[in-house]
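Going down the list, the protein sequences come from chains A and B. 107 is the number of the first residue of the first sequence in the numbering used here; add one for each residue after it. 12 is the number of the first residue of the second sequence in the numbering used here; add one for each residue after it.
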Amino acid sequence: STNKRNKNRNRATQPQEGGSRGPSPADYNSSDHNTACRRHELYVSFRELGWQDWIIAPEGYAANYCGGECVFPLNAHMNATNHAIVQTLVHLMNPENVPKPCCAATKLHAISVLYFDDNSNVILKKYKNMVVRACGCH
Amino acid sequence: GSNYLFDGNNEVHPSFIHRRLRTHEKREMQKEILSILGLPHRPRPHLSHGKYNSAPLFMLDLYNTISSEEKNEVEGMLEQYQSMYTTQGPRLAKHQENAFLNDADMVMSFVNLVEYDRELSPHRMHHKEFKFNLSQIPEGEAVTASELRLYKECANQVVINETLLLSVYQVVQEHPNREADLFLLESRRLWAAEEGWLEFDILATSNLWVMSPHYNLGLQIRVETSSGRSISSKEAGLVGRDGGLEKQPFMVAFFKVSEVHIRTAR
């Protein structure tokens with residue numbers, strides 16, 4: 107899936123009365139859903155790795171990944187922490203020193219894998235944190 | 012374990028942009044995933060006839076149960092466990108086994124390493140031997156449940172009207188010139204005509220073998236008629252090497268991790 111970023115967004119800062127630094131929150135529109143932090147699809151295929159002779163199941167799994175921007179205003183669909191909301195505002199005021207929050211996984215799930223070992227014994231094991239279920243701004 | 016991206020033909024959903032990995036990319040992916048799985052190298056199993064025997068089929072049933080639970084995110088899938096177990100025998104639909112499956116971090120099945128059933132002289136007892144290689148169990152895994160599973164078909168006509176006594180023993184010590192020293196684990200009375208999977212609890216024995224591998228001398232089963240006559244496992248209807256692949260005896264163990272493993276950096 108594609109993730110086109112808005113390269114034409116105007117980030118130039120203007121001096122403000124009252125000593126505030128950086129553009130005001132009102133200068134920003136609501137975040138474009140396509141560029142905002144969200145989950146993207148990514149499929150890992152065991153079959154494509156040539157492992158179908160020893161991995162019985164699954165043939166692959168949807169790992170997914172998180173990508174996108176965490177910029178003001180952080181909308182509800184971005185699953186932002188309260189701290190991230192504050193950090194976006196601070197970044198607006200002080201972009202050189204305070205970075206934007208990170209877009210990362212907020213919910214990860216396990217998968218079970220069934221496979222043979224060298225002795226033809228069969229193992230069924232659960233592996234944690236293999237699948238991104240939800241992304242958010244931290 | 013999620014297959015929600017597959018369509019009815021089990022093909023990857025067309026919304027994915029599919030790019031073939033280059034050779035070095037494939038190698039890198041393989042290395043990283045093997046590292047996540049905790050494997051030093053890619054396994055090279057030997058499958059008889061290229062088909063699955065009873066142990067992989069049983070494990071695949073377990074996998075499908077767990078995967079559907081992960082997908083549906085529904086707790087208390089007792090009904091699913093029970094419906095799965097009816098294909099393997101009603102005795103398996105126990106609350107304890109469902110709990111073990113729910114709590115287990117890992118389940119392993121083990122193939123019997125003994126090639127030939129033992130037929131002894133009339134002066135000694137018929138018995139069938141089982142040996143399992145437990146050396147590949149990762150460190151830090153504690154056995155929470157363990158079973159020996161045997162498939163019994165209808166006994167031959169000679170003993171068809173009898174009740175049989177099937178005994179499972181742990182081999183304690185082997186002797187070159189006489190019978191091994193045995194420890195009785197369980198005895199069970201069966202109808203000669205009875206058919207289906209038989210499960211024997213060998214948790215204590217499995218724990219001993221994991222903790223002290225030099226004690227892993229295997230198991231023996233013996234069958235007697237109600238009159239005390241020793242009969243072979245074949246006469247009793249117990250499926251061995253020459254039986255159907257889907258009825259081969261195997262051992263299954265449920266594990267819970269008892270310590271945290273730190274993955275080493277590459």
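From the three backbone atoms N, C-alpha and C, an ideal C-beta is built for every residue, glycine too.
Test item: CB-CB of residue i and residue j under 8 Å
i: residue 227 of chain A; j: residue 120 of chain B; result: yes
i: residue 232 of chain B; j: residue 145 of chain B; result: no
i: residue 8 of chain B; j: residue 208 of chain B; result: The requested residue 8 of chain B is not part of the displayed model; chain B covers only 12 to 277.
i: residue 40 of chain B; j: residue 155 of chain A; result: yes
i: residue 194 of chain A; j: residue 206 of chain A; result: yes
i: residue 245 of chain B; j: residue 251 of chain B; result: yes
i: residue 261 of chain B; j: residue 118 of chain B; result: no
i: residue 173 of chain A; j: residue 150 of chain A; result: no
i: residue 256 of chain B; j: residue 65 of chain B; result: yes
Distance between residue j and residue i (C-alpha atoms, nearest Å)
i: residue 113 of chain B; j: residue 164 of chain A; result: 19 Å
i: residue 143 of chain B; j: residue 180 of chain A; result: 57 Å
i: residue 154 of chain B; j: residue 217 of chain B; result: 7 Å
i: residue 69 of chain B; j: residue 268 of chain B; result: 22 Å
i: residue 189 of chain A; j: residue 225 of chain A; result: 51 Å
i: residue 242 of chain B; j: residue 140 of chain B; result: 14 Å
i: residue 105 of chain B; j: residue 182 of chain B; result: Bear in mind that the predicted position of residue 105 of chain B carries a pLDDT of just 46, short of 50, making it too unreliable to give a figure here.
i: residue 94 of chain B; j: residue 71 of chain B; result: Because residue 94 of chain B carries a pLDDT of 42, less than 50, the predicted location of this residue cannot be relied on, and the following value inherits that uncertainty. Cα-Cα distance, rounded: 14 Å.
i: residue 210 of chain A; j: residue 191 of chain A; result: 15 Å
i: residue 229 of chain A; j: residue 223 of chain A; result: 7 Å
i: residue 186 of chain B; j: residue 167 of chain B; result: 32 Å
i: residue 228 of chain B; j: residue 75 of chain B; result: 33 Å
i: residue 143 of chain A; j: residue 170 of chain A; result: 13 Å
i: residue 42 of chain B; j: residue 242 of chain A; result: 29 Å
i: residue 202 of chain A; j: residue 196 of chain A; result: 10 Å
i: residue 215 of chain A; j: residue 233 of chain A; result: 9 Å
i: residue 52 of chain B; j: residue 46 of chain B; result: 9 Å
i: residue 254 of chain B; j: residue 163 of chain B; result: 11 Å
i: residue 159 of chain A; j: residue 67 of chain B; result: 13 Å
i: residue 33 of chain B; j: residue 77 of chain B; result: 33 Å
i: residue 148 of chain A; j: residue 168 of chain A; result: 6 Å
Enclosing beta strand (DSSP E) for residue i [first to last residue]
i: residue 44 of chain B; result: Run containing residue 44 of chain B: none in the beta strand (DSSP E); it sits in the alpha helix (DSSP H), 34-48.
i: residue 211 of chain A; result: 209-222
i: residue 152 of chain B; result: 152-163
i: residue 258 of chain B; result: Looking at the DSSP string, residue 258 of chain B is not in any beta strand (DSSP E), and its letter there is neither H nor E.
i: residue 243 of chain A; result: 228-243
i: residue 136 of chain B; result: Residue 136 of chain B -> no beta strand (DSSP E), and no H or E assigned at all.
i: residue 156 of chain A; result: First-last for residue 156 of chain A: undefined, no H or E at that position.
i: residue 198 of chain B; result: 192-202
i: residue 161 of chain A; result: 161-163
i: residue 171 of chain A; result: 171-173
i: residue 168 of chain A; result: 166-168
i: residue 118 of chain B; result: 117-122
i: residue 149 of chain A; result: 149-151
Residue-level contact to chain A via CB, residue i, 8 Å cutoff
i: residue 222 of chain B; result: no
i: residue 260 of chain B; result: no
i: residue 98 of chain B; result: Note that residue 98 of chain B has pLDDT 43, beneath the 50 cutoff, so the model's placement of it is unreliable and no number is given.
i: residue 71 of chain B; result: yes
i: residue 278 of chain B; result: Residue 278 of chain B falls outside the range modelled here, since chain B spans only 12 to 277, and no answer is possible.
i: residue 74 of chain B; result: yes
i: residue 232 of chain B; result: no
i: residue 114 of chain B; result: no
i: residue 78 of chain B; result: yes
i: residue 122 of chain B; result: yes
i: residue 125 of chain B; result: no
i: residue 95 of chain B; result: With a pLDDT of only 46 at residue 95 of chain B, under 50, the local geometry of the prediction cannot be trusted, and no value is derived from it.
i: residue 204 of chain B; result: no
Residue-level contact to chain B via CB, residue i, 8 Å cutoff
i: residue 219 of chain A; result: yes
i: residue 128 of chain A; result: With a pLDDT of 44 at residue 128 of chain A, under the threshold of 50, the modelled position of this residue cannot be trusted, and the question is left open.
i: residue 228 of chain A; result: yes
i: residue 191 of chain A; result: no
i: residue 213 of chain A; result: no
i: residue 163 of chain A; result: yes
i: residue 170 of chain A; result: no
i: residue 140 of chain A; result: no
Distance cut-off 7 Å: residue i Cβ against heavy atoms of the ligand ATP
i: residue 238 of chain B; result: No copy of the ligand ATP occurs in the structure displayed, which carries no ligand at all.
Limits of the alpha helix (DSSP H) - the one that residue i falls within
i: residue 188 of chain A; result: 188-199
i: residue 221 of chain B; result: 214-222
**Asked** Going along the chain, which residues of the region 30-61 of chain B sit with their C-beta nearer than 9 Å to a C-beta in chain A?
**Response** 31, 32, 37, 40, 41, 44, 47, 48, 49, 50, 52, 53, 54, 55, 56, 57, 58, 59
**Request:** May I ask you to list, following chain order, the residues of the region 135-164 of chain B that have a beta carbon less than 7 Å from some beta carbon of chain A?
**Result:** 144, 147
**Message:** Any C-beta of chain A within less than 8 Å: which residues of the region 180-195 of chain B qualify?
**Reply:** Cβ proximity to chain A below 8 Å picks out nothing from the region 180-195 of chain B.
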